[in-house]
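These notes are about the structure you will find just below.
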Amino acid sequence: MAATAFLHPFTRPSADDFLTIVRGAGATVWDSEGRDYVDGMASLWYCNVGHGRDEIVDAVAGQMRQLAAYHTFERFTNEPTERLCERIAAIAPFEDARVFLTSSGSEAVETAVKLARLTAKLAGDGDRTVIISRRPSYHGVAYAGTTLTGLPLNQAGFGPLLPDILQVPRGDLGAAQAAFEANPGRVAAVIAEPVVGAGGVYPPEPGELQRLRQLCDEHGALLVFDEVITGFGRLGTWWGADRYGVQPDLVTFAKAVTSGYQPLGGVLVSPRVLAPFAGHPDAVLRTGHTYSGHPAASAAALANLDIVEREELLARATAVGARLGDGLAAQVDGDRIVEVRGDGAVRAIGLGDHVDAPTVRDLMLTAGVIARPIGASTLAFSPPLVITDEQVDRILECVAVAVDEVAGDRRPQPVQP
Ligand code: PLP
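Just so we're aligned: 279 in numbering that gives the first Met the number 0 is position 280 of the sequence shown, and the numbers increase by one with no gaps anywhere.
Set out below in structure tokens:
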């Protein structure tokens, strides 16, 4: 008999050691035993405004009392969704953005891939079907996203995957150029997370995103930024595109658009992508989801964005990131903690071979701090942007103690003068 009927995502089906989270406020969550935790991961990289924000709950409840849901296919629309798309378009990293809505980041990635191929087809360039992604990377779990994701374990056993998807190593611009040259006139798009998140927390190499933009321009391809983690403030700017000064043609988002109070994702679409529709006045954008433009999700996003602006959380992301990044950097000893990576309020430590990240995570959990292991040697942090300085310091202390305990007698000895 399984321990639970709930078949958990990204978990062994036989697992039975779950923490039941029952409540949250700010950067703190409580479990069913009454223990509190500093949420060093904003749940799964998304709860930027923190837990327990009544203002968002009230906005969603108010919308649901008036109209819980109505679809937006063909002739139908609703006010909160129209207002939300106006508002997102106004902060988009390019002019005249249109906003397509989904319920998740995975659906957003699928849509971006479909749009990249469709726009080429409508422009009479139907051989342009190749999409280039990087390794490591994470682009969700639908089939395009699974194929694009540069983490072999996430692909194992799910084949055959989508055709015409190529991967190049992150930061290897020679490999990216070679992929274009090996497929003349066939590359529809390059997709990249401005900061690789679930693939290990890697900021771009200097000039990397700029060069990808240049390659796309030289070869007639689109640049897609997957901003499911970086969008809506995590890097101290609305978008990674702003942070690194590179303009993409499509942007996927999810997570912090609602801080998780409702499931919502989407794609920012630049005029260039929709231009070929002008030559096909009867062409229909034949893709979308039952819940694209769900009014309760849009109401949550609007209330969430009000908080982000009023509480100046973009600036707070920079401050939180600096305190966290500096505090982690001070613990790098080249043996147990080998490096710190990240940017803005998303950071990770790279651990030495003898320090197992899931074990460090478990010890930290026992001490009341939530971090996220990625593989055996990376521990990630992406806290709510409302986290206090004292809570950041508690994360830092907890890392030091847990790494000490796991590393045991491999602690570096003081050098004798
Ligand atoms: N793309 C990126 C960069 C992500 O980080 C994620 C999720 O973490 C996704 C896509 C998939 O989003 P979702 O889990 O909402 O489907």
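Cβ coordinates follow ideal geometry from the N, Cα and C atoms, glycine included.
Computed from a predicted model, the values in this text were never measured in an experiment.
(Q) By alpha-carbon positions, which one of P270, A295, A366, L234 ends up nearest to L312? (A) L234
**Q.** Beta-ladder partner(s) of S136, from DSSP
**A.** Paired residues: none, contrary to the question.
**Q.** Under the three-state DSSP convention, the category F179 falls into
**A.** helix
Q | Cβ contact check for the stretch 342 to 356 and the stretch 78 to 94: 3 or more pairs under 8 Å | A | no
Q) Pairing CB atoms from the stretch 179 to 195 with CB atoms from the stretch 204 to 220, are three or more of them under 8 Å? A) yes
Q: Enumerate in chain order the residues of its own chain whose CB-to-CB distance from Q176 is below 7 Å, with the five nearest sequence positions on each side excluded.
A: L214
Q. CB of V189 to nearest heavy atom of the ligand PLP: below 7 Å?
A. no
Q: Out of A314, P135, V354, state which residue places its alpha-carbon closest to the alpha-carbon of G333.
A: V354
Q: Spell out a yes or no on whether the stretch 60 to 67 and the stretch 267 to 286 are touching, meaning 3 or more CB-CB pairs, one atom from each, closer than 8 Å.
A: no
(Q) In this structure, how does DSSP classify P382 when only helix, strand and coil are distinguished? (A) coil
Q | Coil, strand or helix - Y69 by DSSP | A | coil
Q: Please name the residue, chosen from Y243, T377, L364, K254, that lies closest to T19 on a Cα-to-Cα basis.
A: L364
Q: Put Y290 into one of helix, strand or coil per three-state DSSP.
A: coil
Q. So, is Y69 buried or exposed, given that buried needs 16 or more other C-beta atoms within 10 angstroms?
A. exposed
**Q.** Under the three-state DSSP convention, the category H353 falls into
**A.** coil
Q: Just confirm the distance between the C-beta atoms of V405 and T251, as a whole number of angstroms; I'd bet it's less than 8 Å.
A: That belief does not hold up - the Cβ atoms of V405 and T251 are roughly 36 Å apart, past 8 Å.
Q) Around the Cβ of G158, are there at least 16 other Cβ atoms within 10 angstroms (buried) or fewer (exposed)? A) exposed
(Q) Suppose the cutoff is 6 Å on Cβ atoms and the five residues either side in sequence are ignored; what does the same chain contact list for L66 look like? (A) P294
Q: List the residues that DSSP assigns as beta-bridge partners of E106.
A: Bridge partners of E106: none, in fact.
Q. Can you list, in chain order, the stretches of the alpha helix (DSSP H) that have 4 or more residues and sit fully within the stretch 224 to 287?
A. 239 to 243, 270 to 273
Q: With a 10 Å radius around its C-beta and 16 neighbouring C-beta atoms as the bar for buried, classify S13 as buried or exposed.
A: exposed
Q | Same chain only: Cβ atoms within 6 Å of I369, ignoring 5 sequence neighbours per side | A | Y36, D38, G39, M40
**Q.** Cβ neighbour criterion (16 or more within 10 Å) applied to P8
**A.** exposed
**Q.** Rounded Cβ spacing between T257 and A316 (contact assumed at less than 8 Å)
**A.** T257 to A316, Cβ: 17 Å. No contact.
Q. Roughly how many whole angstroms lie between the Cα atoms of E310 and I90?
A. 17 Å
**Q.** First and last residue of the uninterrupted beta strand (DSSP E) at V28
**A.** 27 to 30
Q. What is the DSSP secondary structure of H169, reduced to helix, strand or coil?
A. Inspection of the sequence shows that residue 169 is occupied by Arg rather than by His. Coil at R169, not helix or strand.
Q | Limits of the beta strand (DSSP E) - the one that D35 falls within | A | 35 to 38
Q. If you run the structure through DSSP and keep just helix, strand and coil, what is D334?
A. coil
Q) With 16 other CB atoms within 10 Å as the buried threshold, where does A329 fall? A) exposed
Q: Name the residue from R133, A253, L304 whose alpha carbon lies nearest to the alpha carbon of P203.
A: R133
Q) Just curious, the beta strand (DSSP E) that R371 is in, first and last residue? A) 371 to 373
Q. For the beta strand (DSSP E) that contains L100, what are its first and last residues?
A. 97 to 101
(Q) Looking at the strands, I want to know which residues DSSP matches up with L221. (A) A188
Q | Bridge partners - T377, DSSP secondary structure assignment | A | G349, I373
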